[in-house]
Amino acid sequence: MHELRDGYAHRLLRVNGFSDTRGFFYASDSYGLLKEHMPADWDKNVNLFDRSKYSSEKLSGLAQQRVFTPHIRWCWDCLEESQHWRGEWILRTSVICVLHKCRLEDRCINCVSTAVVSAHPEKCHCCGTARRSACTQKIAENLLRFQRLLYNWRETAPEQKLLFGLDFYQAAKLIFYLGQFDLGVVPAKMRFRVEDRTVENDYLILKRAVKAISNWPRGFTQLVRSIQPESTTNSLKKDFRSFYFVLYRSLKEPCYQFVRDVFEKYINDCWAGVISARNTSFSKSARQSHPRQTLAVVAKAAGIENAAVSHLAKANLVPHNVVNFPTGRRSLSVDKNVLSSLESSQKDRLTLNEAALLLKIPRRRLRILLDNGVVKARLSPVIHRTASWHISKREVCMLLITPTLRSTSKSVSLNHIFRYSRLTDHEFVGLVNSLIDGALGSVGINRRIKLGEVVLEKQGFQTWLHKFRNINTGTVSIDEAARKLGIKQQVAYELVRSGLLETVSCKADSRRVALETLNEFQSEYVALAELARVNKCSPRAMKRFLSCSPVTGPEVDDNRQYFYRRSDLVNFDAL
Numbered sequence: 013m014h015e016l017r018d019g020y021a022h023r024l025l026r027v028n029g030f031s032d033t034r035g036f037f038y039a040s041d042s043y044g045l046l047k048e049h050m051p052a053d054w055d056k057n058v059n060l061f062d063r064s065k066y067s068s069e070k071l072s073g074l075a076q077q078r079v080f081t082p083h084i085r086w087c088w089d090c091l092e093e094s095q096h097w098r099g100e101w102i103l104r105t106s107v108i109c110v111l112h113k114c115r116l117e118d119r120c121i122n123c124v125s126t127a128v129v130s131a132h133p134e135k136c137h138c139c140g141t142a143r144r145s146a147c148t149q150k151i152a153e154n155l156l157r158f159q160r161l162l163y164n165w166r167e168t169a170p171e172q173k174l175l176f177g178l179d180f181y182q183a184a185k186l187i188f189y190l191g192q193f194d195l196g197v198v199p200a201k202m203r204f205r206v207e208d209r210t211v212e213n214d215y216l217i218l219k220r221a222v223k224a225i226s227n228w229p230r231g232f233t234q235l236v237r238s239i240q241p242e243s244t245t246n247s248l249k250k251d252f253r254s255f256y257f258v259l260y261r262s263l264k265e266p267c268y269q270f271v272r273d274v275f276e277k278y279i280n281d282c283w284a285g286v287i288s289a290r291n292t293s294f295s296k297s298a299r300q301s302h303p304r305q306t307l308a309v310v311a312k313a314a315g316i317e318n319a320a321v322s323h324l325a326k327a328n329l330v331p332h333n334v335v336n337f338p339t340g341r342r343s344l345s346v347d348k349n350v351l352s353s354l355e356s357s358q359k360d361r362l363t364l365n366e367a368a369l370l371l372k373i374p375r376r377r378l379r380i381l382l383d384n385g386v387v388k389a390r391l392s393p394v395i396h397r398t399a400s401w402h403i404s405k406r407e408v409c410m411l412l413i414t415p416t417l418r419s420t421s422k423s424v425s426l427n428h429i430f431r432y433s434r435l436t437d438h439e440f441v442g443l444v445n446s447l448i449d450g451a452l453g454s455v456g457i458n459r460r461i462k463l464g465e466v467v468l469e470k471q472g473f474q475t476w477l478h479k480f481r482n483i484n485t486g487t488v489s490i491d492e493a494a495r496k497l498g499i500k501q502q503v504a505y506e507l508v509r510s511g512l513l514e515t516v517s518c519k520a521d522s523r524r525v526a527l528e529t530l531n532e533f534q535s536e537y538v539a540l541a542e543l544a545r546v547n548k549c550s551p552r553a554m555k556r557f558l559s560c561s562p563v564t565g566p567e568v569d570d571n572r573q574y575f576y577r578r579s580d581l582v583n584f585d586a587l
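Quick note: the sequence shown, position 215, residue 227 per the numbering used here, numbers continuous.
Now the structure itself:
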């Protein structure tokens, strides 16, 4: 355990009869005075700590005010055991007594004055109060272990490289600068004042540094992540501010390259900006290994227009990062590994015209499929504001149909159905989905054919269409309504014209009958032929028997068949 050289000199002078040794301290070098009057080997067996022997080179380029304190510190328990100043108490890395597991003090608890080496260690030189500790804070175990490491390191072999390949003073420099930062705490500028060289501040520095160093590199990476702002610019200096200055200016020596390596790895993994040739602080290999590039560089390498890559990125089809600038401008950066996917995407791209020609269907029909999600477009002029459609060939190949029927007596082509069947958009989408799912079979040889070349069995298509309309629209055609009522088609059309059977208008001026309307008609009206059949007589005899008048018929409005209201026949037993 080394004793402070100046403290030893004053203690020796006091033993030799000098009660007040401050005159030696200010007037001449007390240690030099002792060397003149003492034997040559008087300090042979004394371990002294002489701060004057530590130049900037020996301190690894760290200035003395970064290593030594302006005022000596002390541990009250140590002073009780041996009344002398210890050498490690003037080091800023010494904030904890490893023997008594307590924090050191640097001010009198009574008058708040600092200690001087020339005075008696056991009491304050200003107020005469006995020195005692005012701090009762319990020291964390990880801090105590780290302080013990530093203490043993400096006492035995400071030049030995124990921590990250650093000697003691290189490690002290790392601790000093890393301790300036904490989670979310970034000094605006690295300004150091004498008032900051207190034991409280140095304790905080050591605590922060241990948090970053003890769990390396996870703790350091967590520190960097907390420093990075939410709104990233394309400038490392602006984003990381004084932290960047410390890594590449204050800790620029080669021995601290391992710190910069972890920082640069974090930049490659998590920072959204782009490293360019202007980042001269980074090595050439670090700049080349950066995984992100600007949209313009990636688009040029892939042979694609910048706008196309930008639209793909904004549609979240390309992994990208957003870079925000203080002016409000936004920039996008993409990973280099998307280059191959962009090239394959460009080869797989079809415009609307190309896809319609490939399927041999009108462009309007293809737009209907796109709008209803049967075919999914990567980029759409409607949604993404692009100049043209971007449709994948794989999506279009889903509309290549494999026929399931070999031959049929009556068939109809899909193009003929498109032109003459008056299909609504919803019915057209349902037809294509049924062809894809196999619910509706097509006619042809066993090979995949284009959608526009599909041929359907006529009866099978009509059956499918009636079923689809019944399920999805709740309506039937007038012909189907005639079959359900058991009347001829002409009679059904006459009922529609007379207003007794209401219809709903559909696409291309076609009219259909709602199932609900059909049920209401059956519950309100009855045909004369139906009454005659139930009563087993002729319609003419049945008409003479009825006392009420029909609502429609040859004698009423020249319609072909008589119909009566059921409410007029309430007294008729057959009903």
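All residues carry an ideal CB built from backbone N, CA and C; glycine is no exception.
In the displayed model, residue 476 falls within a helix according to three-state DSSP. Shortest Cα-Cα distance from residue 447 to any of 122, 100 and 473 involves 473. The Cβ atoms of residue 218 and residue 107 sit closer than 8 Å to each other. Given a length threshold of 4 residues, each whole run of the alpha helix (DSSP H) inside the stretch 381–442 is given here in chain order: 405–409 and 426–432.
Taken in chain order, the complete beta strand (DSSP E) segments of 3 or more residues contained in the stretch 270–324 are 304–306. Annotated as distal: residue 426 and residue 385, with beta-carbon spacing of 8 Å or more.
In the DSSP assignment, residue 332 falls within the unbroken beta strand (DSSP E) covering 332–336.
With contacts defined as CB atoms closer than 8 Å, residue 413 and residue 375 fail to qualify as a contacting pair.
When rounded, the separation of the alpha-carbon atoms in residue 557 and residue 506 is 25 Å.
Beta-carbon to beta-carbon, residue 91 and residue 101 are separated by about 10 Å, too far to satisfy the 8 Å threshold. With a cut-off of 8 Å on Cβ pairs, the stretch 379–395 is in contact with the stretch 320–329, counting three or more such pairs. Cβ-Cβ distances below 8 Å link residue 60 to 14, 15, 16, 17, 20 and 99 in the same chain, with the five nearest sequence neighbours on each side left out; the list follows chain order. For residue 158 and residue 222, the gap between their C-alpha atoms comes out near 7 Å. Residue state for residue 375 is assigned as helix, using DSSP reduced to three classes. Taking a cut-off of 8 Å on C-beta distances, the stretch 240–260 touches the stretch 332–341, as three or more cross pairs fall below it.
Unbroken beta strand (DSSP E) runs of no fewer than 3 residues, entirely contained in the stretch 543–579, are found at 575–577, following chain order.
A direct Cα-Cα distance of roughly 30 Å separates residue 515 from residue 379. For residue 524, the uninterrupted beta strand (DSSP E) segment begins and ends at 523–526. For residue 491, the enclosing alpha helix (DSSP H) starts and ends at 490–497. The Cβ atoms of residue 263 and residue 256 lie no closer than 8 Å to each other.
Beyond the five residues adjoining it in sequence on each side, residue 360 comes within less than 8 Å, by CB distance, of 404, 405 and 406 in the same chain, given in chain order. Pairwise C-beta distances place the stretch 342–354 in contact with the stretch 292–308, as three or more of them are shorter than 8 Å. Nearest to residue 542 by alpha-carbon distance, out of 431, 475 and 576, is 576. Distance from residue 371 to residue 408 at the Cβ level is roughly 6 Å; contact confirmed, criterion being Cβ atoms closer than 8 Å. Collapsing the DSSP output to three states places residue 228 in coil. Look at residue 211 here: in three-state DSSP terms it is helix.
By alpha-carbon distance to residue 415, the top candidate from 272, 458 and 162 is 458. Taking a cut-off of 8 Å on C-beta distances, the stretch 266–283 touches the stretch 178–189, as three or more cross pairs fall below it.
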